[in-house]
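**Q**
Numbering (this note's numbering), first residue to last: 769 to 940.
1) Measuring CB atoms only, is the stretch 784 to 799 touching the stretch 885 to 899, in the sense that at least three cross pairs come out at less than 8 Å?
2) Compute the Euclidean distance between the alpha carbons of residue 821 and residue 840, then round it to the nearest angstrom.
3) Suppose you measure from the CA of residue 843 to the CA of residue 806; what does that come to, to the nearest Å?
4) With 16 other CB atoms within 10 Å as the buried threshold, where does residue 878 fall?
5) Roughly how many angstroms separate the alpha carbons of residue 886 and residue 875, rounded to a whole number?
6) Taking the C-alpha atoms as reference points, what is the distance between residue 831 and residue 930?
7) Mind checking whether the beta-carbon of residue 802 lies closer than 8 Å to any heavy atom of the ligand MG?
8) When the Cα of residue 910 is compared with those of 838, 923, 813, 922, which residue comes out closest?
9) Could you check the C-alpha separation between residue 802 and residue 889 for me, to the nearest Å?
10) With distances taken Cα to Cα, identify the nearest neighbour of residue 783 among 813, 793, 818.
11) Please list the terminal residues of the continuous alpha helix (DSSP H) segment that includes residue 801.
12) As a quick exercise: from 794, 824, 785, 786, pick the residue whose alpha carbon is nearest that of residue 908.
13) List the DSSP bridge partners of residue 883.
14) Count the other CB atoms within 10 Å of the CB of residue 785; is the residue buried (16 or more) or exposed (fewer)?
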């Protein structure tokens, strides 16, 4: 069953290429889970976290074209899960997606990005995996960025409603 991509095309704000790594909080390789006819597949993805979005791109793409992204404001949670499929991280020859030395740690953790139902991501869960330590670092970085972004959005809403000075003390 092919998923329709129509929802993504209407997005005028959609970023076309990855921001520079200097603007990122965290950037790295993870493997994306996809269900295929022959079973579960893991595809390498470049994942980049900025102050307001998580971007996904193909690591081999020199144009760094964004293939998908999640607004941090639309993230319900970033969760860690035990890797249910440890056999599939066996290395398969020189073309393995786990050539990246950081991904050769056989103990993998899934990093699960859960999105809001009413967001452009329609409540999808994005499942990636990487080494134990890397997954924990990602979860921490994403959680902190989400807190900051939600705080910033709240401040913006309060400022729009009440003006700049009235709520300054309320947030300290």
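Don't be surprised by glycine CBs; every beta carbon is placed ideally from N, CA and C. Being a predicted model, the structure only gives us computed values, none of them experimental.
**A** In brief:
1) yes
2) 5 Å
3) 30 Å
4) Within 10 angstroms of the beta-carbon of residue 878 lie 16 or more other beta-carbons, which makes it buried.
5) 34 Å
6) 43 Å
7) Among the components of this structure there are no ligands whatsoever, and the ligand MG is therefore not found.
8) 838
9) 16 Å
10) 818
11) Where residue 801 is concerned, there is no enclosing alpha helix (DSSP H), although the beta strand (DSSP E) it sits in stretches over 794 to 804.
12) 794
13) 843
14) exposed
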